[in-house]
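Undergrad: Please see the structure below; I have some questions.
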C-alpha cells in the first residue's frame, strides 16, 4: 500500500463504511418488494422488478419508465449502491427525488449478500458482473446513451467499471469514492487504444467537503488522477456543506453536465456553455461544441481562448522550475487539451512523459519504501528528485502535490 496522500487510507475501508441516506439501511417492507422476473424484456413500462443476470448471475433491480417508447428508446442509468445496502434503496431514492424519471434505471446488488432486499456489498471483482448486467439491459432495450454512477463503495467500483469497460459507458458520476491504487488511469499508458476510449467518457466527480465517512481528500485524489492523465471531460462537484448523504448530492446537475458533454439537449447545452465561457472553462465549451450539431461557434471561441493561453504555458515550460509549472500544466491540459492550439504542446509533453516514465516509477516506488520504513526525510528527497528529474510524468504530479502538503 502506498503511504502518501489519499493512499494513507486502508483500501478495504471502501467496503466497510456505511452509506447514509435519509432512510436507514434495512430490509424492504413486504409491500415494497418488486416481483422477480427472469428476463429484462419482461419488465414493462412503469414497472420495477428484481432480476438475476443470465450471464454472471448478479442480481439487479430494473425500472422501466412509464413513457418508454421502444422506437425512441431512453437513457440508461446504472447506479451502484453503498456498503451494506441494496439497489432498491437507491432506486427508490432516485424516484423520491424525481431524478431520471424518464430513464431506464438499473441498480445492481453487490454479490456479497444473501438477501436481495437487505444488506449487500460489492467486491474488488465486481466490475465484470456490473458490465454483464449493463450489456444484458442494453440488449433488451433501446438505450440512447448509458451512464454509470455509484455512491461510496459504489463510487470506488464506478471508476473500475469505466476504465475496464469503456465501450459500455459515455458518462460517469461517482460520489464519495476514490480510485483503487490497482485501478488508476495511468495503468493503461501502454494501451493507447484503450486510453482513447476511456478519455471519451465524461466524468463528474462528486464529493462533499463535509463528508465524515469517506474523507474529501479521497474524492480530490480521484479527480487528480484523471486530471494528471489529461482528461478534458472532467468536472469536480465539491459542495462545502455536503456530507455523506446521497440524496443531498447534486446528482441532477452532474447528469446535466454529462448530457452536455455528450450533445444531448442542445438548448440547455448552449445556456450552460455560455456560463462556462464566462468562468474560463473552455474545455467544457469545446466538448459541448463538438458534441452539438451546430456547435462550431463554441469550438471556435474555445480555440481562440486556447491560442491566447498557449504562449504563456510554453514560456512556463521552458523557463520555470518544475515546482512552478507542474500544477499550471495540469489545469492547462484539462482546459485546453483538446484544442488544435494545444495539440503540438500536448504531443511534446507526452513524448517526454514516455521517456521519463521508468525513472519516475523507480523514484516513486523508492519514496514509498522509505515512507514505510519511517524514513520520511529521505522519502521527501526522493520525491524532490522525481519532481525535478521526471517532471512530465503522472508520478511527478503527485510528488509535487505531496511536497506542497509537507508539514
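In my numbering, the protein residues as written are 88 to 494.
By construction, the Cβ of each residue, glycine as well, lies at the ideal position given by its N, Cα and C atoms.
1) Please confirm whether residue 424 and residue 317 have their CB atoms less than 8 Å apart.
2) Does DSSP put residue 113 in a helix, a strand or coil?
3) Name the two residues that bound the continuous alpha helix (DSSP H) containing residue 384.
4) Taking Cβ to Cβ, would you say residue 255 is nearer than 8 Å to residue 231?
5) Return the CA-CA distance between residue 277 and residue 414, expressed in angstroms with no decimal places.
6) Whose C-beta lies closer than 6 Å to the C-beta of residue 448 among residues of the same chain, with five residues either side of it excluded?
7) Are there three or more Cβ pairs, one per stretch, closer than 8 Å when the stretch 256-269 is compared with the stretch 186-198?
8) Have a look at the DSSP bridge pairing and note the partners of residue 167.
9) Of the residues 207, 263, 166, 159, which one's Cα is nearest the Cα of residue 220?
10) Could you have a look at residue 446 and say whether DSSP puts it in helix, strand or coil?
11) Looking only at C-alpha atoms, which of 215, 196, 293, 308 sits nearest to residue 268?
12) What three-state label does DSSP hand residue 272 in the structure shown?
13) Quick one: Cα of residue 455 to Cα of residue 156, how far?
14) Measure how close the beta-carbons of residue 265 and residue 306 come, nearest whole angstrom, since I'm counting them as under 8 Å.
15) So for residue 129, helix, strand or coil by DSSP?
16) Smallest Cα separation from residue 197: which of 286, 389, 241, 489?
17) Identify which residue in 208, 150, 285 has its Cα closest to the Cα of residue 162.
18) DSSP state of residue 256, grouped into three classes?
19) Which two residues bound the contiguous beta strand (DSSP E) that contains residue 193?
20) Quick check: the stretch 285-296 against the stretch 245-253, are there 3 or more CB pairs under 8 Å?
21) Between the stretch 198-210 and the stretch 166-185, are three or more C-beta pairs nearer than 8 Å?
22) For the structure I just gave you, are there three or more beta carbon pairs, one from the stretch 293-304 and one from the stretch 319-330, closer than 8 Å?
23) Whose CA, out of 477, 145, 365, 179, lies closest to the CA of residue 134?
24) For the beta strand (DSSP E) that contains residue 150, what are its first and last residues?
25) Tell me, to the nearest whole angstrom, how far the beta carbon of residue 227 is from that of residue 127; I am working on the premise that it is less than 8 Å.
26) What residue does the alpha helix (DSSP H) around residue 83 start on, and which one ends it?
27) Please return the same chain residues whose Cβ sits closer than 6 Å to the Cβ of residue 320, not counting the five positions on each side in sequence.
28) Under the three-state reduction of DSSP, which class applies to residue 215: helix, strand or coil?
29) For residue 459, does the count of other Cβ atoms within 10 angstroms reach 16, so buried, or fall short, so exposed?
30) Which ranges does the alpha helix (DSSP H) cover as unbroken runs of at least 4 residues, wholly within the stretch 295-369, from first to last along the chain?
31) Nearest chain D C-beta to residue 265 closer than 8 Å, yes or no?
32) Looking only at C-alpha atoms, which of 214, 168, 468 sits nearest to residue 143?
33) Starting from the C-beta of residue 113, find all residues in its chain whose C-beta is less than 7 Å away, skip the five residues before and the five after it, and write them out in chain order.
34) Closest to residue 371 by CA distance: which of 381, 357, 380 is it?
35) Pick out whichever of 493, 136, 484 has its Cα sitting closest to the Cα of residue 119.
TA: Put simply:
1) Residue 424 places its beta carbon less than 8 Å from that of residue 317.
2) Confidence in residue 113 is poor, its pLDDT being 44 and thus under 50, which makes the residue's placement unreliable; the coordinate value appears in the next sentence. When secondary structure is reduced to three states using DSSP, residue 113 falls in the coil class, being assigned neither helix nor strand.
3) For residue 384, the enclosing alpha helix (DSSP H) begins and ends at 383-406.
4) Not closer than 8 Å, so no.
5) About 24 Å.
6) Nothing listed; no residue qualifies.
7) Segments in contact, no.
8) Within the DSSP secondary-structure output, residue 167 pairs in a beta bridge with 237.
9) Of the listed residues, the one whose Cα sits closest to residue 220 is 166.
10) Reduced to three states, the DSSP call for residue 446 is helix.
11) Looking at the Cα atoms, 308 is the closest of the given residues.
12) The DSSP-derived three-state label of residue 272 is helix.
13) Between residue 455 and residue 156, the C-alpha separation is close to 55 Å.
14) Distance from residue 265 to residue 306 at the Cβ level is roughly 7 Å; contact confirmed, criterion being Cβ atoms closer than 8 Å.
15) Residue 129: helix per DSSP, three-state reduction.
16) Looking at the Cα atoms, 241 is the closest of the given residues.
17) For the set 208, 150, 285, the Cα lying nearest the Cα of residue 162 is the one of 150.
18) Coil, per DSSP.
19) It spans 191-195 - the beta strand (DSSP E) in which residue 193 sits, taken as one unbroken run.
20) Here the stretch 285-296 lies against the stretch 245-253, with 3 or more beta-carbon pairs under 8 Å apart.
21) Yes, since at least three Cβ pairs between the stretch 198-210 and the stretch 166-185 fall closer than 8 Å, the two stretches touch.
22) The stretch 293-304, when compared against the stretch 319-330, does touch it at the 8 Å Cβ threshold.
23) In terms of Cα proximity to residue 134, the closest of 477, 145, 365, 179 is 179.
24) Its beta strand (DSSP E) spans residues 146-150.
25) At roughly 4 Å, the Cβ-Cβ gap stays under 8 Å, so residue 227 and residue 127 are in contact.
26) Only positions 88 to 494 of the chain appear in this structure, which leaves residue 83 out of reach.
27) Same-chain partners within the cutoff: 289, 348, 374.
28) Helix, per DSSP.
29) It counts as exposed.
30) Counting only runs of 4 or more, we get 303-314, 338-348, 353-366.
31) Protein chains in the displayed structure number just one, and chain D is not present.
32) Nearest C-alpha to residue 143 among 214, 168, 468: 214.
33) Reliability of the predicted coordinates at residue 113 is poor, the pLDDT of 44 falling under 50, and the value obtained from them is presented with this limitation in mind. None.
34) The shortest C-alpha separation from residue 371 is found at 357.
35) With distances taken between CA atoms, residue 119 lies nearest to 136 out of 493, 136, 484.
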